[in-house]
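Numbering (my numbering), first residue to last: 85 to 629.
Quick reminder that beta carbons are idealized off the backbone N, C-alpha and C, glycines included.
For reference, the structure discussed in these notes is given below.
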Ligand code: NG1
Ligand code: ZN
């Protein structure tokens with residue numbers, strides 16, 4: 085234990101409140117910021133061990149994404165920029181919950197289980213969002229890394245996807261790009277400018293985009309990036325953090341869940357608008373029509389737009405690559421039907437949580453994955469990228485093929501393949517709309533969403549709900565699925581499911597039907613079934629109407 089004396093001494097400065105238990109959930113640890121100092125120190129320790137184990141740089145991002153400003157959280161990033169391996173999530177939970185006196189024992193358990201050579205060097209990249217608590221919490225991560233003798237690079241304020249990008253750049257020795265914020269802007273803007281050359285004669289109106297920065301880090305980074313885009317995208321930035329509170333009545337999550345525009349945004353009729361979330365790894369688009377009706381283009385519409393565009397390019401380029409769209413149970417039924425029946429692309433459904441979608445997307449030549457809430461990206465297999473690059477260089481390819489494959493190549497460079505990225509996704513969408521000469525209304529008209537509603541139900545223990553079939557059916561408690569089935573039968577084109585949240589202490593209820601009234605009423609009836617059969621607490625769920 086002598087080698088860990090420094091850790092032991094330092095850990096006293098980041099004591100764990102006795103009895104506090106937290107779990108590494110869907111998106112790392114999340115809680116009120118005041119409970120997280122010891123977690124950050126310990127995640128600094130764990131990232132250092134992970135770095136020694138993988139002989140690579142590991143990332144630690146301090147953020148609570150779309151949660152309220154008072155919360156905070158932390159996510160670990162693996163060598164290729166992906167979420168940390170599942171087995172290490174368990175180590176994270178163990179280490180986080182060890183009482184002060186057993187911290188070193190827990191650390192040694194992990195070292196032993198993973199056969200880590202402590203003589204290996206370690207390198208950790210650290211980033212943080214704009215929350216007031218993020219500064220001191222990221223300092224606690226630094227303390228953790230240094231107390232185990234690891235090296236760190238603190239990028240300070242960056243979006244979550246920027247940090248994922250840096251980690252990937254570092255571990256591919258620059259093949260993915262240069263590991264600086266400037267390198268990120270250069271790579272993406274270069275690809276964007278190349279793509280928009282295929283859409284000449286655009287008016288300033290067409291280049292204009294209203295962006296809701298959720299009063300967070302995405303707004304700061306958009307400002308920095310603007311000059312690189314050379315007016316090919318003319319961003320009108322709102323909720324830039326100069327006045328409003330982070331994620332408060334704004335941001336992608338608010339817009340998606342409330343199905344209405346954020347506050348603090350001036351929207352002209354028909355004007356293209358988008359919202360980032362608090363750490364800029366999610367995006368949704370929207371507009372209001374001339375009757376003042378709000379139209380949302382969520383992750384499903386984004387996935388559809390991008391996969392349709394890519395499929396068309398593959399056909400033009402004559403490339404035989406399999407493209408698939410990965411969704412979750414929250415995907416609107418209309419989007420799934422459109423993709424399968426009209427576009428004839430493979431659709432696959434996974435459990436909620438980016439890591440599940442990411443993993444499924446890796447199984448295809450081209451895997452487009454988006455959660456309905458706007459988190460997503462596109463993965464190109466190594467073989468697919470190789471075929472595309474070879475065709476780019478092929479002197480015998482005809483003009484149509486050449487044009488298509490160049491577009492594919494630039495699109496690959498514009499996409500942040502490590503993780504969903506609001507800025508990168510926004511640029512891809514803007515480029516696709518420009519190249520295809522589509523307005524936001526044309527995009528919206530690809531298919532019509534089924535009306536839907538999401539509710540939350542508080543229960544005493546949300547773990548009593550166990551699900552199967554990519555969370556579309558409840559296995560326990562007894563009788564719940566039967567109750568849902570018979571409720572669904574009462575409505576037309578209806579579907580409903582329930583699952584315990586991985587980020588909040590609630591059960592989530594989702595319903596869709598042929599009318600909004602039907603979806604609302606079905607969601608309410610299912611909420612009541614959850615409340616009654618799964619140990620609801622507090623007031624009974626109330627009807628919206
Ligand atoms: P939970 O709380 O497990 O539903 C939410 C989102 C996920 C994902 C994570 C991480 C919904 C219904 N769920 O998970 O899609 O984004 O947060 O941020 O939107
Ligand atoms: Zn986020």
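- Taking the Cβ of residue 455 as the reference point, at least one heavy atom of the ligand NG1 falls within a distance shorter than 8 Å.
- Between the stretch 484-491 and the stretch 365-378 there are fewer than three inter-stretch CB-CB distances shorter than 8 Å, so the stretches are not counted as touching.
- Between the ligand NG1 and residue 249, a heavy atom-to-CB distance of less than 8 Å is absent.
- Counting only the Cα atoms, residue 298 lies some 4 Å from residue 335.
- Of 500, 497, 197 and 577, the smallest CA-CA separation from residue 534 is found for 577.
- Judged by their CB atoms, residue 143 and residue 109 are not nearer to each other than the 9 Å cut-off.
- Residue 338 counts as buried, since at least 16 other C-beta atoms from the protein chains shown sit within 10 angstroms of its C-beta.
- For residue 241, the enclosing beta strand (DSSP E) starts and ends at 235-241.
- Judged by their CB atoms, residue 504 and residue 455 are nearer to each other than the 9 Å cut-off.
- Secondary structure within the stretch 462-546: the beta strand (DSSP E) runs of 3 or more consecutive residues, fully enclosed, are 536-541 (chain order).
- With a 10 Å radius around the Cβ and a threshold of 16 neighbouring Cβ atoms, residue 316 comes out buried.
- Placement of the Cβ of residue 438 at a distance of less than 8 Å from at least one heavy atom of the ligand NG1 is found.
- If you draw a 10 Å sphere on the C-beta of residue 622, you find fewer than 16 other C-beta atoms in it, and that means exposed.
- Per DSSP, residue 585 has no beta-bridge partner at all.
- The three-state reading of DSSP puts residue 296 in strand, counting E and B together.
- Counting along the chain, no alpha helix (DSSP H) covers residue 376, and no H or E run does either.
- If you ignore the 5 residues before and after residue 188, its C-beta comes within less than 8 Å of the C-beta of 85, 88, 91 and 92, all in its own chain and listed in chain order.
- At least 9 Å separates the beta-carbon of residue 579 from that of residue 555.
- Here residue 467 is actually not in contact with residue 581; their C-beta atoms are around 35 Å apart, not less than 8 Å.
- For the pair residue 629 and residue 392, the Cα-to-Cα distance works out to about 38 Å.
- In the DSSP assignment, residue 190 falls within the alpha helix (DSSP H) that extends over 187-197.
- Taking 8 Å as the upper bound for CB-CB distance, residue 624 and residue 615 are in contact here, some 6 Å apart.
- Beyond the five residues adjoining it in sequence on each side, residue 198 comes within less than 6 Å, by CB distance, of 137 in the same chain, given in chain order.
- As the crow flies, the alpha-carbon of residue 530 is around 48 Å from that of residue 126.
- Residue 253: not part of any beta strand (DSSP E); member of the alpha helix (DSSP H) spanning 244-255, first to last residue.
- By alpha-carbon distance to residue 173, the top candidate from 201, 113 and 145 is 113.
- DSSP places residue 148 outside both helix and strand once states are collapsed to three, so it counts as coil.
- For residue 203, the three-state secondary structure derived from DSSP is coil.
- Using a Cβ distance threshold of 9 Å, residue 525 and residue 592 do not count as a contacting pair.
- The stretch 471-483 makes contact with the stretch 402-417; the number of CB pairs closer than 8 Å reaches 3 or more.
- If one requires a minimum length of 3 residues, the beta strand (DSSP E) runs lying completely within the stretch 587-614 are 591-596, in chain order.
- Exposure of residue 470 is indicated by the presence of fewer than 16 other C-beta atoms within 10 angstroms of its C-beta.
- For residue 88, no alpha helix (DSSP H) run applies, since DSSP gives it neither H nor E.
- With a contact defined as Cβ atoms closer than 8 Å, residue 620 and residue 542 qualify at about 7 Å.
- The continuous alpha helix (DSSP H) containing residue 218 extends over residues 218-231.
- For the options 180, 583 and 330, the alpha carbon positioned closest to that of residue 435 is the one of 583.
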